[in-house]
Ligand SMILES: [Zn+2]
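Residue numbers (the working numbering): 1 to 291.
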C-alpha cells in the first residue's frame with residue numbers, strides 16, 4: 001500500500017467515525033408533538049404552499065394532527081385526499097366544513113340561507129368532524145341561520161369552531177346547550193376570569209389559543225393567571241396556527257416554537273394535554289357517519 005493509499009484508507013475511516021459518532025448532548029429530545037387545532041389551507045384560487053410543502057412543514061415541526069379547514073373547502077379536500085393516498089403518513093387529518101365560499105362571506109354568512117345549504121351539501125361528502133371556523137360578533141350570533149347550524153351540528157354529533165366574542169359564545173350555548181364548541185382565540189384579550197366563567201358554564205367548550213394575549217409576559221414566561229387557568233382546566237385548551245394569511249405559513253415554525261416555549265414551563269402531563277391530548281380526546285374515533 002502506498003503512502004497515498006494509506007492516507008485514503010485513514011481518511012475514509014476518520015470520515016466513517018465522524019458520521020457514526022454523535023455526542024449524546026447533540027441529540028435533542030424530540031419536541032413535544034402538536035395537534036394544530038386551527039389550520040386553514042385556503043385555496044383562492046391557489047394555495048400559498050403546495051401540498052407537498054405543507055406536509056413537509058408538519059413533519060419538520062412535529063405536527064401530528066390538524067383541524068383542517070379551507071376557504072373554499074377544496075383545500076380541505078386536498079388534505080383529506082393526501083391522507084387517503086398515503087402522502088401524509090403520521091398525520092391525523094380532522095376536517096371541518098368551512099361555511100365560506102369567499103372572504104366576504106365572513107360578514108354575512110349568519111344571515112345567508114345559501115350558506116346553510118352549503119353546510120348541508122358539504123356534509124354529504126362525509127368524513128367531517130365539525131363546522132367552522134366561522135366569525136360572530138355579539139348579536140350576529142342570534143339569527144335563525146346560526147341556530148340552524150348549531151342544531152345541525154348537535155343532531156349529527158359535530159363540533160363548532162367559533163371565532164366569537166363573549167356575547168356570541170353565550171348566544172351559541174343558548175341556541176343549544178348540547179353544542180360542542182371550540183372557541184377560536186379564546187376571546188383574544190378577554191380577562192382570564194371571564195374565560196374561566198364560560199368554561200364553568202359550558203362543559204363542552206374548549207379554548208383554542210392562537211392570537212390569545214396574556215399567556216406569557218414580555219420575556220416569554222407564563223403569566224400566573226394563565227398558569228392557573230391551565231392547571232385548573234387542563235382538559236379544556238387546544239393550540240393552533242391560524243394560517244389565515246400566507247405570512248402565517250411563512251412563520252409556521254416560529255408559531256410552533258412559541259407554543260413549545262411556554263408548554264415546557266407547565267407540568268409535562270398538562271403540556272401534553274394542551275399540545276395534542278385534548279384534541280385527540282375530542283376527536284377520538286372515526287368521523288360521525290353521514291345520516
Ligand atoms: Zn382562523
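Note that beta-carbon positions come from the ideal geometry of N, C-alpha and C, so glycine has one too.
For residue j and residue i, the rounded distance between their alpha carbons
| i | j | result |
| --- | --- | --- |
| residue 26 | residue 56 | For residue 26, the pLDDT reaches just 41, beneath the cut-off of 50, and the residue's location in the model is therefore unreliable, although a value from the coordinates is still provided. Approximately 23 Å between the Cα atoms of the pair. |
| residue 102 | residue 112 | 13 Å |
| residue 71 | residue 254 | 24 Å |
| residue 217 | residue 229 | 15 Å |
| residue 140 | residue 224 | 34 Å |
| residue 202 | residue 187 | 15 Å |
| residue 78 | residue 96 | 13 Å |
| residue 278 | residue 199 | 15 Å |
| residue 135 | residue 106 | 6 Å |
| residue 47 | residue 244 | 11 Å |
| residue 285 | residue 272 | 19 Å |
| residue 178 | residue 147 | 12 Å |
| residue 23 | residue 80 | In this prediction, residue 23 has a pLDDT of 44, which is less than 50 and means its spatial position is unreliable; what the coordinates show is noted afterwards. Taking the straight line joining both Cα atoms gives about 40 Å. |
| residue 234 | residue 98 | 28 Å |
Where the beta strand (DSSP E) through residue i begins and ends
| i | result |
| --- | --- |
| residue 175 | Where residue 175 is concerned, there is no enclosing beta strand (DSSP E), although the alpha helix (DSSP H) it sits in stretches over 166–175. |
| residue 206 | 205–208 |
| residue 183 | 181–183 |
| residue 65 | 63–69 |
| residue 340 | The question about residue 340 has no answer here: the residues shown for the chain are numbered 1 through 291. |
| residue 35 | 34–40 |
Member of the options whose CA lies at the smallest distance from the CA of residue i
| i | options | result |
| --- | --- | --- |
| residue 166 | 38, 193 and 72 | 193 |
| residue 219 | 262, 288, 196 and 204 | 262 |
| residue 68 | 52, 42 and 87 | 42 |
| residue 258 | 158, 145 and 213 | 213 |
| residue 267 | 245, 222 and 287 | 222 |
| residue 137 | 121, 183 and 73 | 183 |
| residue 87 | 59, 265 and 30 | 59 |
| residue 226 | 77, 274, 74 and 153 | 274 |
| residue 281 | 174, 206, 63 and 122 | 206 |
| residue 40 | 286, 240, 164 and 270 | 240 |
| residue 260 | 276, 99 and 250 | 276 |
| residue 76 | 269, 128 and 144 | 128 |
| residue 62 | 232, 92, 144 and 247 | 92 |
| residue 90 | 108, 99 and 64 | 64 |
| residue 53 | 233, 252, 209 and 242 | 252 |
N- and C-terminal bounds of the alpha helix (DSSP H) containing residue i
| i | result |
| --- | --- |
| residue 152 | 144–155 |
| residue 96 | Premise fails: residue 96 lies in the beta strand (DSSP E), 92–97, not in any alpha helix (DSSP H). |
| residue 287 | Per DSSP, residue 287 belongs to no alpha helix (DSSP H) and is neither H nor E. |
| residue 260 | 252–263 |
| residue 199 | 192–201 |
| residue 114 | 113–123 |
| residue 58 | 51–60 |
| residue 269 | 268–272 |
| residue 276 | Taken as a continuous stretch (DSSP letters only), residue 276 belongs to no alpha helix (DSSP H), as it is neither H nor E. |
Beta bridge counterpart(s) of residue i as assigned by DSSP
| i | result |
| --- | --- |
| residue 134 | 162 |
| residue 216 | 222 |
heavy atom of ligand 2 below 7 Å from residue i C-beta
| i | result |
| --- | --- |
| residue 161 | As for ligand 2, it is missing from this structure, which binds only ligand 1. |
Can you tell me which residues fall inside 5 Å of ligand 1, judged by beta-carbon distance to its nearest heavy atom, and keep chain order? Result: 133, 242 and 244.
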